[in-house]
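> First the structure, then my questions, so here it is.
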Amino acid sequence: MKKLKIGITCYPTVGGSGVVATELGKKLAENGHEIHFVTTSRPFRLNKMYHNIFFHEVDVNQYSVFKHPPYDLALASKMAEVAKREELDLFHVHYAVPHAICAHLAKQMTGDHLKIVTTLHGTDITVLGHDLSLSNMIKFGIEASDAVTAVSRALADQTYDLLNPDKKIQTVYNFIDERIYQKQNADHLKREYGISEDEKVIIHVSNFRQVKRVQDVVRVFARVLDNVKSKLLLVGDGPEMTSVCKLVRELGVEKNVLFLGKQNHLEELYSISDVKLLLSEKESFGLVLLEAMACGVPCVATNIGGIPEVIRDGMSGFLCDVGDIKTITEKTTSILTDKQLHSRMASESMRVAKEEFHSSIIVKQYEALYYSLLSSG
Ligand code: GMT
């Protein structure tokens, strides 16, 4: 098969969509394709040298005549420039707005042969899709793409319900780099954090946006603590952090909560964790669940969006209703106190991550999609 020249545009800063886009670029490069990232900064996961990965920086000028810096136009212009000069076969963009629209503009500037693949990650539909000032534009971006994927069936269904686009949306699940996400010996971290041998560790990782309901994580933890000696690791940062800190103090659990901020080597933190909590009210997939599962950490999560496609209730973890603190506490406590249950769920989590979401399976699906588009002319 001819190796492809692929442009990738995503939000390159910390966040699941940027992580998936970058990991996909790296895997495609390992398969021999030439990858061109067109982004505002170097994707943060692009942490080693690849001879066939290129980074083209989008520079957004702050001209005084513009009230707002024209990110979309600068991006479209850079995409067109790179596509033409590097003779790209296709652009794979992550997020419908503005990236699919920018790709459409770039296609018009360069000629028709350039194919556009758009991946929907969630917020573009579940939050922005409700915004009447944007919904028609999102629909247009989807319909103007040559192929559209969503990271879960739930997200694809929600997109049809909300926008009714005249476009097939294929589900392609997220994946992780299993060479990084695996259980390792990180016991030294437990000692360094002052976590004693007989204490259990609960972990939550997010960007602390309102939809993540981190306050529920703290409320559950305070109740678990009544019965199980444990520590809570809060990893990440974001707009809800102040309110979360306040709640931790109000509930008197500050000695047992470690605020770790944004961290890079999550596999080490998962390796010292006994259970993971993700209690969001919106989540198209929950990449952090897959990361934890690959490291053998059972998850207790909410029964919403794409989460039930990742966690099987009672098998690899538990699913609970949003805000049902009592049930979430009971399920979390059962995993922490029943050794056999923990070990069964840990093994099942690792199996699912390896067999159902393995990067080789997912990357093949994207490659098949690219080739089918290019062969259809
Ligand atoms: O979770 C976030 O708020 C970040 C957001 C993003 O754009 O990176 O994550 C979305 O995309 C991830 C990768 O596909 C998914 O795993 C997350 O579930 C999704 N977030 C939401 O749907 C809220």
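Numbered per our numbering, the sequence shown spans residues 1046 to 1422.
Cβ coordinates follow ideal geometry from the N, Cα and C atoms, glycine included.
#1: Give the DSSP-derived three-state secondary structure of residue 1397 in the structure shown.
#2: Between residue 1316 and the rest of its own chain, which residues show a CB-CB distance below 6 Å, the 5 nearest in sequence each way excluded?
#3: For residue 1156, count neighbouring Cβ atoms within 10 angstroms of its own Cβ and tell me buried if that reaches 16, exposed if not.
#4: Ignore the nearest five residues each way along the sequence and tell me which others in residue 1099's own chain have a CB closer than 6 Å to its CB.
#5: On the three-state DSSP scale, how would you describe residue 1109?
#6: Is residue 1171 close to the ligand GMT? I mean its beta-carbon at under 8 Å from any heavy atom of the ligand.
#7: Mapping the DSSP letters down to three states, classify residue 1165 as helix, strand or coil.
#8: Please determine if the stretch 1178 to 1196 and the stretch 1369 to 1379 are in contact, where contact requires at least 3 C-beta pairs separated by less than 8 Å.
#9: Let's test the definition: count the other Cβ atoms within 10 Å of the Cβ of residue 1261 and tell me whether it reaches 16, buried, or not, exposed.
#10: Compute the minimum distance between the beta carbon of residue 1252 and the heavy atoms of the ligand GMT, and state whether it is under 8 Å.
#11: Taking C-beta to C-beta, are residue 1175 and residue 1161 nearer than 9 Å?
#12: Assuming residue 1332 and residue 1344 are in contact, meaning their beta carbons sit under 8 Å apart, how far apart are those beta carbons, in whole angstroms?
#13: Take the Cβ of residue 1308 as the centre, count every other Cβ of all protein chains shown within 10 Å, and call the residue buried at 16 or more, exposed below.
#14: CB residue 1163 to CB residue 1190, shorter than 9 Å?
#15: By the DSSP assignment, the beta strand (DSSP E) with residue 1070 in it spans what residues?
#16: Since residue 1136 sits in a beta bridge, which residues does DSSP pair it with?
#17: Comparing alpha-carbon positions, which option in 1318, 1064 and 1252 lies nearest residue 1243?
#18: Looking at the secondary structure, which residues open and close the beta strand (DSSP E) in which residue 1129 lies?
#19: With a threshold of 8 Å on Cβ separation, who are the neighbours of residue 1039 within its own chain once the five nearest residues in sequence on each side are excluded?
#20: Indicate, with yes or no, if the ligand GMT has a heavy atom lying under 8 Å from the CB of residue 1332.
#21: Thinking C-alpha only, which one of 1359, 1393, 1326 and 1357 is nearest residue 1367?
#22: Give a yes or no on whether the C-beta atoms belonging to residue 1118 and residue 1135 are separated by under 9 Å.
#23: Quick check: is any heavy atom of the ligand GMT less than 8 Å from the C-beta of residue 1347?
#24: Go ahead and pull the three-state DSSP assignment for residue 1223.
#25: Alpha carbon to alpha carbon, how far is residue 1226 from residue 1069?
#26: Assuming residue 1244 is part of the beta strand (DSSP E), what are its boundary residues?
#27: In whole angstroms, give me the CA-to-CA distance for residue 1138 and residue 1275.
#28: Cα-Cα, which of 1258, 1338 and 1061 is closest to residue 1389?
#29: Taking Cβ positions, are residue 1351 and residue 1394 nearer each other than 9 Å?
#30: Alpha carbon to alpha carbon, what distance is there between residue 1387 and residue 1398?
#31: Figure out for me which residue from 1411, 1401, 1353 and 1060 has the closest Cα to the Cα of residue 1280.
#32: Inspect the beta-carbon positions of residue 1250 and residue 1321 and report whether they are closer than 9 Å.
#33: Do you know offhand how far residue 1185's Cα is from residue 1141's?
#34: Using only alpha-carbon positions, find the residue among 1323, 1371 and 1383 that is nearest to residue 1356.
#35: Classify residue 1312: buried if its beta carbon has 16 or more other beta carbons within 10 angstroms, exposed otherwise.
#36: So if DSSP puts residue 1290 in a beta bridge, which residue, or which two residues, is it bridged to?
For this structure:
#1: In the structure shown, the three-state DSSP call for residue 1397 is helix.
#2: Cβ neighbours of residue 1316 beyond the five flanking positions: 1228, 1229, 1231 and 1340.
#3: Residue 1156 comes out exposed.
#4: Taken in chain order, the residues that qualify are 1081.
#5: DSSP places residue 1109 in coil when its eight states are reduced to three.
#6: For the ligand GMT, at least one heavy atom lies less than 8 Å from the Cβ of residue 1171.
#7: Assignment of residue 1165 by DSSP, reduced to helix, strand and coil, places it in the strand class.
#8: Using a Cβ-Cβ distance cut-off of 8 Å, the stretch 1178 to 1196 and the stretch 1369 to 1379 are not in contact, since fewer than three pairs of beta carbons, one from each stretch, lie closer than that value.
#9: By the neighbour-count definition (other C-beta atoms within 10 Å, threshold 16), residue 1261 is a buried residue.
#10: Yes, Cβ of residue 1252 sits closer than 8 Å to a heavy atom of the ligand GMT.
#11: No, the Cβ-Cβ distance between residue 1175 and residue 1161 is not below 9 Å.
#12: By a beta-carbon distance limit of 8 Å, residue 1332 does not contact residue 1344. Their separation comes to about 12 Å.
#13: Residue 1308 sits exposed, since fewer than 16 C-beta atoms from the chains shown fall within 10 Å of its C-beta.
#14: Result yes, Cβ atoms of residue 1163 and residue 1190 sit closer than 9 Å.
#15: Note, residue 1070: premise wrong, no beta strand (DSSP E); alpha helix (DSSP H) at 1061 to 1075.
#16: Looking at the DSSP output, residue 1136 sits in a beta bridge with 1052 and 1161.
#17: Nearest C-alpha to residue 1243: 1318.
#18: Annotation for residue 1129: no beta strand (DSSP E) segment contains it, though the alpha helix (DSSP H) segment containing it runs 1116 to 1130.
#19: Since the first residue of the chain shown is 1046 and the last is 1422, residue 1039 is not available in this structure.
#20: Answer for residue 1332: yes, Cβ within range of the ligand GMT.
#21: Proximity to residue 1367 across 1359, 1393, 1326 and 1357 peaks at 1326, based on C-alpha coordinates.
#22: Result no, Cβ atoms of residue 1118 and residue 1135 do not sit closer than 9 Å.
#23: Because no heavy atom of the ligand GMT lies under 8 Å away, the Cβ of residue 1347 does not count as near it: no.
#24: In this structure, residue 1223 counts as coil in the three-state DSSP scheme.
#25: Cα-Cα distance, rounded: 15 Å.
#26: Unbroken run through residue 1244: none, as it is neither H nor E.
#27: One C-alpha to the other measures close to 42 Å.
#28: Comparing Cα-Cα distances from residue 1389 to each of 1258, 1338 and 1061, the minimum goes to 1338.
#29: Their beta carbons are not under 9 Å apart, which means residue 1351 does not touch residue 1394 by this criterion.
#30: Those two C-alpha atoms are separated by around 16 Å.
#31: Here the closest residue by C-alpha is 1060.
#32: Yes, Cβ-Cβ distance for residue 1250 and residue 1321 is below 9 Å.
#33: If I take the Cα positions, the gap works out to 9 Å.
#34: When each option's Cα is compared against that of residue 1356, the closest is 1323.
#35: With 16 or more other Cβ atoms within 10 Å, it is buried.
#36: Paired residue(s): none; residue 1290 is not in a bridge.
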